[in-house]
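Reviewing the structure listed below.
Residue numbers (our numbering): 64 to 372.
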């Protein structure tokens, strides 16, 4: 179903973090597994459409992780390897996964991440800006030719510390994706629908608010609104990267359709919900490591059956 034409062109580009994670949850623990927003996004997007990632790792980053990405068909030609340590995060989730405690954080070479694109990376048709410093997000936007669709994410840290720079980026993108807590913080509104209405008036054409196990909502600058539920999961293992894989599947499906419309966005969010449900069923990238097109389609059809009335 998902036609993937081999091409030397870079049609989808994702810019963000590539990390090594230690994760602790009620299901157990893992150490130095693949992590980072760019990795989770790319693995999900790549299920629908070829993607190239832009990031940086240290010389301690395992070759097996790089081989895993290339074996999946993800382009890593713009992944820089520098002397030093890779971005490292260690976190522990509470029992119901409603919050996570950061136990250790070392930015390593990511602290000086300053991407400079060239050649085939300057004209992507689809561009994803993960939750990195908005100054870097703007730098990427200023380097590339105007893409067909630009999607961005952010996080509380940038909302609190780089608000002016963040708004400058938001005004230049097409789709803003963020979670409900970030939406409330950025808008200053506690009511989520009021927060959505406030945000859509200030820049992005389209807004998607992720609500975890409660699904996601969509609003555009013409007043169109809809809500997509989350695909129910019985045994959650690890929610790390669920939001990034949601964004990846959303953008991957839109790129696969090569069409911007409400109908495509609605289906893309439904597929994104299904892919995110695979993500939380394993530690790190385990949930997405071995799924195939048939697995996604089966879950999507079941999701459609559950959601139709």
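Ideal placement from N, C-alpha and C gives every residue a C-beta, glycine not left out. Treat the numbers as computed from the prediction; the structure is a model and nothing was measured.
CA-to-CA, the gap between residue 186 and residue 327 works out to about 23 Å.
Residue 175 sits in a helix when the DSSP states are folded into three classes.
The beta carbon of residue 198 lies closer than 6 Å to those of 228 in the same chain, with the five residues before and after it left out. Pairing residue 304 with residue 293 gives a Cβ-Cβ distance that is not under 9 Å.
Between residue 267 and the set 283, 255, 273, 258, the nearest pair of CA atoms involves 283.
Non-local C-beta neighbours of residue 107 in its own chain, meaning closer than 7 Å and more than five positions away in sequence, comprise 308, 311, 312, 315, 338, 351, ordered along the chain. Counting only runs of 4+ residues, the alpha helix (DSSP H) found wholly inside the region 156 to 236 occupies 197 to 206, 219 to 224, 226 to 233, in chain order.
Taking C-beta atoms as the reference points, residue 122 and residue 94 fail to come closer than 9 Å. The beta carbon of residue 102 sits closer than 6 Å to the beta carbons of 81 from its chain, once the five residues preceding and following it are set aside; these are given in chain order. About 6 Å separates the CB atoms of residue 217 and residue 245; that is less than 8 Å, so the two are in contact.
With respect to residue 273, residue 251 sits apart: the two C-beta atoms are not nearer than 9 Å. In the three-state reduction of the DSSP assignment, residue 346 falls in the coil class.
In the structure shown, residue 72 adopts coil according to DSSP, grouped into three states. The residue from 285, 195, 369 with its alpha-carbon nearest to that of residue 241 is 195.
Residue 110 is positioned such that its CB atom lies closer than 9 Å to that of residue 359. Counting only runs of 4+ residues, the alpha helix (DSSP H) found wholly inside the region 120 to 160 occupies 126 to 134, in chain order. Secondary structure note for residue 309: its alpha helix (DSSP H) is the uninterrupted segment 305 to 320. Here the alpha carbon of residue 184 sits roughly 33 Å from the alpha carbon of residue 291. In the structure shown, the three-state DSSP call for residue 329 is helix. Closest by C-alpha distance to residue 125, out of 150, 105, 141, is 150.
9 Å or more divides the Cβ of residue 317 from the Cβ of residue 193. Taking C-beta atoms under 8 Å as the contact rule, residue 155 and residue 163 qualify, at a distance of about 7 Å.
Sixteen is the threshold: when 16 or more other Cβ atoms of the shown chains lie within 10 Å of the Cβ of residue 74, as they do, the residue is buried. Residue 300 sits in coil when the DSSP states are folded into three classes, being neither helix nor strand.
In the three-state reduction of the DSSP assignment, residue 269 falls in the strand class, which pools E and B.
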